[in-house]
Each structure stands twice: as C-alpha cells, then as structure tokens.
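First to last, the sequence lines map onto chains D and S.
Under my numbering, think of the first position of the first sequence as 1, with each following residue one higher.
Under my numbering, think of the first position of the second sequence as 1, with each following residue one higher.
Below: the structure, in structure tokens.
2 protein chains.
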Amino acid sequence: MSKKNAFYAQSGGVTAVINASACGVIQTASQYPEQIGKVYAGLNGIVGALREELIDVSQESEETIAALRHTPSGAFGSCRYKLKSLEQNRAEYERLIEVFKAHDIGYFFYNGGGDSADTCLKISQLSEKMGYPIQAIHVPKTVDNDLPLTDNCPGFGSVAKYVAVSTKEAALDVASMCATSTKVFIVEVMGRHAGWIAAAGALAQEQEGDAPHIILFPEIAFDKEKFLAKVQDTVEQHGFCVIVASEGAQYADGTFLADAGTTDAFGHKQLGGVAPTLATMIRSELGFKYHWALADYLQRAARHIASATDVEQAYAVGKAAVEAAIAGKNAIMPTIVREQGDEYRWHIGEAPLDQVANVEKMMPREYISEDGFGITDAGRAYLAPLIQGEDYPPYANGIPRYARLKKAMVEKKLADTFEI
Amino acid sequence: MSKKNAFYAQSGGVTAVINASACGVIQTASQYPEQIGKVYAGLNGIVGALREELIDVSQESEETIAALRHTPSGAFGSCRYKLKSLEQNRAEYERLIEVFKAHDIGYFFYNGGGDSADTCLKISQLSEKMGYPIQAIHVPKTVDNDLPLTDNCPGFGSVAKYVAVSTKEAALDVASMCATSTKVFIVEVMGRHAGWIAAAGALAQEQEGDAPHIILFPEIAFDKEKFLAKVQDTVEQHGFCVIVASEGAQYADGTFLADAGTTDAFGHKQLGGVAPTLATMIRSELGFKYHWALADYLQRAARHIASATDVEQAYAVGKAAVEAAIAGKNAIMPTIVREQGDEYRWHIGEAPLDQVANVEKMMPREYISEDGFGITDAGRAYLAPLIQGEDYPPYANGIPRYARLKKAMVEKKLADTFEI
Chain D
1 MSKKNAFYAQ SGGVTAVINA SACGVIQTAS QYPEQIGKVY AGLNGIVGAL
51 REELIDVSQE SEETIAALRH TPSGAFGSCR YKLKSLEQNR AEYERLIEVF
101 KAHDIGYFFY NGGGDSADTC LKISQLSEKM GYPIQAIHVP KTVDNDLPLT
151 DNCPGFGSVA KYVAVSTKEA ALDVASMCAT STKVFIVEVM GRHAGWIAAA
201 GALAQEQEGD APHIILFPEI AFDKEKFLAK VQDTVEQHGF CVIVASEGAQ
251 YADGTFLADA GTTDAFGHKQ LGGVAPTLAT MIRSELGFKY HWALADYLQR
301 AARHIASATD VEQAYAVGKA AVEAAIAGKN AIMPTIVREQ GDEYRWHIGE
351 APLDQVANVE KMMPREYISE DGFGITDAGR AYLAPLIQGE DYPPYANGIP
401 RYARLKKAMV EKKLADTFEI
Chain S
1 MSKKNAFYAQ SGGVTAVINA SACGVIQTAS QYPEQIGKVY AGLNGIVGAL
51 REELIDVSQE SEETIAALRH TPSGAFGSCR YKLKSLEQNR AEYERLIEVF
101 KAHDIGYFFY NGGGDSADTC LKISQLSEKM GYPIQAIHVP KTVDNDLPLT
151 DNCPGFGSVA KYVAVSTKEA ALDVASMCAT STKVFIVEVM GRHAGWIAAA
201 GALAQEQEGD APHIILFPEI AFDKEKFLAK VQDTVEQHGF CVIVASEGAQ
251 YADGTFLADA GTTDAFGHKQ LGGVAPTLAT MIRSELGFKY HWALADYLQR
301 AARHIASATD VEQAYAVGKA AVEAAIAGKN AIMPTIVREQ GDEYRWHIGE
351 APLDQVANVE KMMPREYISE DGFGITDAGR AYLAPLIQGE DYPPYANGIP
401 RYARLKKAMV EKKLADTFEI
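Right under this line is the structure:
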C-alpha cells in the first residue's frame, strides 16, 4: 500500500462535538505515517473539494488540533450542499476525483448525516468506476440522532444534555414564580422530523410529577383540545406547567404548528415558531401567563455543557474511521454499538454505507408514553446513558478557550475553477 | 439584645444565584445562636408573610442548605407582588408586623431588586412607628444590574457569563455554516430598561472583528437604516453577522421593536420579540438567511454556567446582611465595592436603603461605543471581572443535583386569614 494523502470534510448542520471527530481523524492519521501523508480538510465541507480549497492541517499546531476536541461548530467550515445524483450532475463527481488525483488523495473521510453518507457512498462507487481508487469512510454526526444502524449519533448526546439541563433549570425558575406570575413555560427545541431532542427534555425528571409535564413530538399528531386540557390539569395540580416542544410538532394533517399563519406588520406571512404559537393558544384559551424560549443554535453549539459520553464517542468514530481505512475498508461508517447488560457499555462497530445512506431512523412509538406527552421507561433507558458525564472546556477570562485555526491553504494545482 | 427569630424572603424575578444569598443568610444566622433563634422563610416571598405561610428552615438538613449555594431559582418561592404605599394600603404593613410579632421575628432579610428595597425600607419605618422594632436588611439581587450604590448586583454576573458563552458558541456555529447557509444570527436577551445583559455579549470577543458584531441597547435609539447598513457591511467583511439584541431595544419615539404590530392568525396583536422582528426586517431588506434564539428564562436560570465571582458575591451579601443585623444595623443594604487597581478585588460595603429604593442605575453612555453597536474599553473593564471563574454544580445521572426543600410549614398563630 503506497502512501496517500487524506481528505476530511464536515457536512451539514454542525454540532458541539463534530470537531472532536475531526480531532480523532487527524490525531489517528498522524499515527500512520507510512500509509497517510498529509491530511487536507475541505474549506466549508465538500464545497472546498469542488473549489480545490483545501486546508493544510499539518500547518496547525498539535495544541490546536488537541483543542478541537473541546471546540464546538465546524472548525473547517461546513456546508449545506447536497451533490446531485450521478445522472444529474456527473461533472461534480468527476471534479472531485480530479481534485483528489491532483493532490494524491487516497482517503476520503466525510463527517456528516444521512445526505453525506449518500455522497460518501457515491464517491466510493465513482472512484472505482473511474479507475482512481479512493477509500471513502463516513464519520457519523447529527444532532437529530436519525442515522440507522448505529445505536446513537455523535452530536445528539450533547444537545440532549443541554435540553435536559436547561429544562430542569427553567422549570425551577417557573416553579418559584408561579404563585403570582408565570404559570406556563415552553421551550422549543430542534427536530423537524424526529422527536429525539424533545424527548431528552424528559431526562430533567427525577421524581414523579417533575417537569417537563408535556413533550410535543413530531411523531404524535397535535390535538389542541387534549393539549389544553393537559395544560389546565397540570397547572391545577402543580401550580405550573413546563412544555418541551419539538419544532416539528404538527397536526394530524401534517401542518406544522410553526406554520400557523402568523403575519407581520406588513402582512407578510411570518415563519412561526411552535413556542409562540402554543403560547398564544394558551393565553387565548386558558388565560395563563406564559414565557417561552427558543434555543435554536444555542442548543447544538453548547459545548460548555457537552456530554462526556458524546465527546468520547465522537472522537472514537473519527479514530475508527482512520483505522478502518488503514485496514483497507471502503464505503463503510463506524457505528456505536450498545452492549447488553444493566451497565451502559459501548464499542465501535461498522455498517456498510449502502445501508446507511438516505435512511431516517424515527423515534420508536414504544419510547413515547401512551398519552403522547412523555416518554416511557424504555425511552428513558435508551436516552439516559447518552448524557452521562461532563467534559468542560478550559476557560480563560471567564469564557471557553476554543480552537482558532490558521487555515493555511494548500496551493492549487488545477488550472480551471469550478462553479457551484 | 434578646434572641429573636429571623424572616427571609425572595422577591421578584429569580436568578441563578439568589439561593446562594439564601445560603449565606441561613448559614451565617446559625453562627449567632445567642441572637438569632429560628430562620423562617416566606413561602413565595412577602406573600408568605402576609398569609402567615412560613417555612421552618431548621427542618431542612445542613446538606440541603449547603446545596442552595449551587441551586438556581428561588427555592422558597418568589413573587411579583409590590406592596402599595403606606397611605394606599396600611393594612398590608400592619398585617406584616402582626405576623412578625406572632412569630417573634426581629430580623427581616429581603432578597430582591429595587422594588423590594422600597418594601424593606417601609417595613423598617413602620415597625418603628408601631413600636415593634424590626431590623430590616435588604439583600441585593437582580439580573438587570440596575441597583444603585453597589458596583454590581448578584445575579448579573451569571447571566452575563451565560450570554457571553452562548454568543461565542453560536457565533462559531454561524461562522461554520455561512458559506452556503445562515448568514445572520440574532440572540435576544433580557433587559427591558438597561442594556447591561446585552452588553455582556461583547465579552465573547477575543480579537478585533470577533462576534458579536452588533449589540442593540435600550439606551440607544434604533435606527433601521444604520442597522441594516451595518449588517450588510458585516456580512460582506466577515461572511456572517451575529447580533445580540436587548428585549428593550426601541425606536427614538420609545416604541419597542418587540411591539412592532405583529398579528396572529386570529388577528390578535401578538407580543413580539425583538429577534423575530429584526429577522423579518433583515430578510425583507437584505435577503440573508437567518436564525434567531430567545434565551428567556434559560439565561437567568443557567446555574450550570454560573460565574464563580457572582456566586461568591451572592453568598457574601447574604452573610453580610446577617452580620449587619447582629451589629445592630437597620434599613441598609450590603453592597459590592470594587477596589482601585489593575487586578479585580472587591469587598462588602453598605448603603442606606432610602438611597437605594426606587433608583435605577442605567448603563453609562461611556460604556457604549460611539456608533452605538458595541462597548468601549471602559465598558469591557467594568464587565469582564464579573464573569470570571466557573462554579459548577455537582451532577448525578448527567444532570445537576439541585436542592429540593422539604418546606415544612410553621404552625399558624393568627386566627384570621389575609386576602391579597
């Protein structure tokens, strides 16, 4: 096996721990100097490969690379750019192979979700057809926790921990104010298609009756009357009600609550938000004073409260990707395998990419309680281990010290540019 | 000096560290068994005193009391209930004195903001007039940082740290996505009247050009054209733009941006939100893809990322309040005094309550940059020390272990109830 360079890129929405996977890839690659030359990272993901904009990772200090482990977001830049099918835009794939050839790249590590797994698979197939062999390994990442064949996805555990901790704290706040003020608090969290993140709010509960009292999942059709009755009951029983609502909460006909027809001062239809929609509903129908929060990017960027389990797993899949490549594997994705037994243990497995690409893992109905407003013991048993442990970043001057890359660019070798 | 019981109550919007002040009061009171008998806490603040609903703090374990130091929110319940003036409702004050008499209470510790300082002052005045002496000491607390005569207010440092850390993390997220996706991110923070909390977003900056690029203060009249031009420039220069907006941001005529006339599907005027208003403006006028977050209670409840400096100061004002009472003082508030010199040092001072009550400390213009979109070196020098240090709560099962009180109620001694 001759020595080849490696290409690494980050794809799609970023997470608190995707850079921990980058750290795993880069540090592990450096342990195989006979097989792997330089690691080049795509500036802004696959777009960087198309444009021949490659970051020379060897120009970064060892300290900076180590600091990636505790740095949120995509340090090399990510992108929302899905390659078209081979039939629709073969030129893009050919351009990639051309860039890889020009820079003697033999390893392709792609760090992303379902769409990226598909891209990764296509690259492995095309490179074979074009007679320029590239080992394409997918490194799993997504806060949505919706990749198949892996017990969970790196990135999810940290957003889950953020949601659990934040819900617990806000619930204490409301509990202390409810006698004379706010009685309902709603926090809206991510998850357009699957309720995994909203479900994590339930991990704030330690005892029967603890907040959150209501969770709204995209998987369960929203029933306004049932919902309002539950809010009313909860306020009567506990004095207040805390709701965790998935952004994907929807009516039985598939209409998102967030698209409830709000218009702004100019009469433009406004992109809603589930939380304000619910808040307005509660005020109109029940008259309770409310507050609501929309965590948005704060939740997936919250490296300051990352799950130690998640950080370890994110690093491990990056490391395993390189080891798989060294072992001659291709078109696979390292997975997280949960072991049997009462104590949570996991190890790294692998899945063939053609079974990963474009498959969405929804939340099983048996994880959601019968009334649709909470999780079951099975759901809790699944979720709880994923938020275990704290992995605090170092601080200076009261704020975290996150990695800051030099991003030294590799000299271009191709004459032509590529428009995307 | 004969032995008397003490009354402690929490008032107004809660913070991440108001319970640290409670801890300071309770632990310090226990060191003066000759002077202080039991500590009774008002259930839901002063409302608890009016209703004779007193929590017997001696029934809580030492561990629980110690855990208050790392527990957010108001553990005894707080309230939004402002006593009317003596002329308007003398009966309320007389009822308080009656309750205090019935339970042999000689010390009144009131933990709140400006309104509460006023209540505290009135109680000290009335008790004198009614011939039942009570020493009334105000324990400062407010995320708004708007109390006079103290360098800063316990509660502010932690929300400031939360805003700085969250802004930094979200900015890294946007930076990594901006090439192909979100270009503008807005986070809306508390501060209806003063821009202290929004200003703290600037502590996320480590180098020239770092996010946040724009801060909107209530103190600076919002100029739409100037704002949009700044957003456009920032995106051109950095590829993205991060905005921290105070909920109190307003036009020159005093109209809040949050009251921008949005109506819901039913034609009801909807309580806005500065962030969605700005987002709609940016989309309409500049066309940039945006995301926004509204931290709401998450910011003031975020004990998991509290400032160690803030926790120490919150404890210290609680402790000092008891020591002041023991020293025979009345109608005062312990303050935080910043010492001269390059290194940040502080000690506890005191202010007479008649100079504290109903005075709001606004952000000085010299802390805000000339263009009105950032802070000056003087502002940074003031703010930076307040977020120093981390003071993590203990965790179990991936979430913080916060105090859970028994709230054993003191037996009522008065025949009549009191309607509030």
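Note that CB positions come from ideal geometry on N, CA and C, so glycine has one too.
Note that the structure is a prediction, hence the values are computed from the model and not measured.
Sequence-distant residues of its chain with Cβ nearer than 6 Å to residue i (five each side left out)
i        : result
D/ALA179 : none
S/VAL99  : ALA49, GLU52
D/VAL184 : CYS241, ILE282, PHE288, TYR290
S/THR28  : LYS319, VAL322
S/PHE156 : VAL143, ASN145
D/ALA408 : ASP56, GLN59
D/SER158 : ALA16, VAL17, ALA306, SER307, ASP310
S/VAL359 : PRO148
D/GLU92  : LEU83
S/ARG401 : PRO394
D/ARG300 : THR15, VAL143, VAL159
Integer Cβ distance of residue i from residue j, believed to fall under 8 Å
i        : j        : result
S/LEU383 : S/LEU203 : 6 Å
S/VAL317 : S/ILE348 : 7 Å
S/ALA331 : S/LEU298 : So it is not a contact: roughly 36 Å between Cβ atoms.
S/ALA22  : S/LEU68  : 5 Å
S/ALA324 : S/PRO334 : 6 Å
S/ALA293 : S/ALA170 : 7 Å
S/GLU208 : S/ALA275 : About 26 Å; that fails the 8 Å criterion.
D/GLY398 : S/LYS161 : 6 Å
Same chain, Cβ closer than 7 Å to residue i, five either side skipped, listed in chain order
i        : result
S/GLY45  : ALA9, GLN10, SER11, GLY77, SER78, CYS79, TYR81
S/GLU390 : ALA308
S/LEU286 : LEU228, VAL231, GLN232
S/GLY191 : ASP144, ILE197, ALA198, PRO218, SER246, GLU247, GLY248
D/TYR315 : ALA20, SER21, CYS23, GLY24, ARG69
D/HIS268 : Low local confidence applies: a pLDDT of 48 at D/HIS268 is under 50, so the model's placement there is unreliable, and no value is given.
Short CB-CB distance (under 8 Å) between residue i and chain S
i        : result
D/PHE227 : no
D/SER61  : no
D/ALA249 : no
D/VAL14  : yes
D/LEU172 : yes
D/ALA20  : no
D/LYS161 : yes
D/ALA199 : no
Chain S residues whose Cβ lies nearer than 7 Å to that of residue i
i        : result
D/PHE185 : TYR297
D/GLY74  : SER176
Cβ neighbours of residue i in the same chain (closer than 8 Å, five flanking residues each side left out)
i        : result
D/LYS4   : GLN35, ILE36, GLY37, ASP104, ILE105, GLY106, TYR107
S/ILE375 : ALA199, ALA202, ILE215, TYR367, ILE368, SER369, LEU383
D/LEU43  : ARG51, GLU53, LEU54, ILE55, PHE76, GLY77, LYS407, MET409
D/PHE266 : With a pLDDT of 47 at D/PHE266, under the threshold of 50, the predicted position of this residue should be treated as unreliable, and no value is reported.
Residue-level contact to chain D via CB, residue i, 8 Å cutoff
i        : result
S/ASP264 : The pLDDT assigned to S/ASP264 is 47, lower than 50, so where the model puts this residue is not dependable; a value taken from the coordinates is nonetheless given after this. Interface residue, yes.
S/ILE399 : yes
S/MET409 : no
S/SER307 : yes
S/ILE137 : no
S/ASN44  : yes
S/LEU96  : no
S/LYS424 : A question about residue 424 of chain S goes unanswered here, because the residues of chain S that appear run from 1 up to 420.
S/ARG338 : no
S/ASN5   : no
S/ARG300 : yes
S/GLN270 : Any answer about S/GLN270 is weak, because its pLDDT of 47 lies below 50 and its placement is not dependable; what the coordinates show is given next. For S/GLN270, the answer is yes, since a Cβ of chain D falls inside 8 Å of its Cβ.
S/ALA477 : Residue coverage of chain S in this structure runs from 1 to 420, which leaves residue 477 of chain S outside it and unanswerable.
Contacts that residue i makes with chain S (C-beta to C-beta distance below 8 Å)
i        : result
D/THR142 : Going along chain S, no residue has its Cβ under 8 Å from D/THR142, so there is no contact; the nearest lies around 14 Å.
D/SER181 : CYS79, ARG80
D/LYS168 : ILE399, PRO400, TYR402
D/HIS291 : ASP296, TYR297
Chain-ordered chain D contacts of residue i [CB-CB under 7 Å]
i        : result
S/TYR395 : GLU390
Neighbour flag for residue i against chain A, beta carbons, 8 Å
i        : result
D/ALA202 : Chain labels in this structure do not include chain A; the protein chains are D and S.
Per-residue contacts from residue i into chain D (C-beta, under 8 Å)
i        : result
S/VAL165 : HIS304, ILE399, PRO400
Under 9 Å from the C-beta of residue i: neighbouring residues of chain D
i        : result
S/ARG51  : What S/ARG51 touches in chain D: nothing, since even the nearest Cβ is about 10 Å away.
S/ILE387 : ASN397, GLY398, ILE399
task: Could you tell me whether the region 121-129 of chain S touches the region 22-42 of chain S, where touching means 3 or more Cβ pairs closer than 8 Å?
output: no
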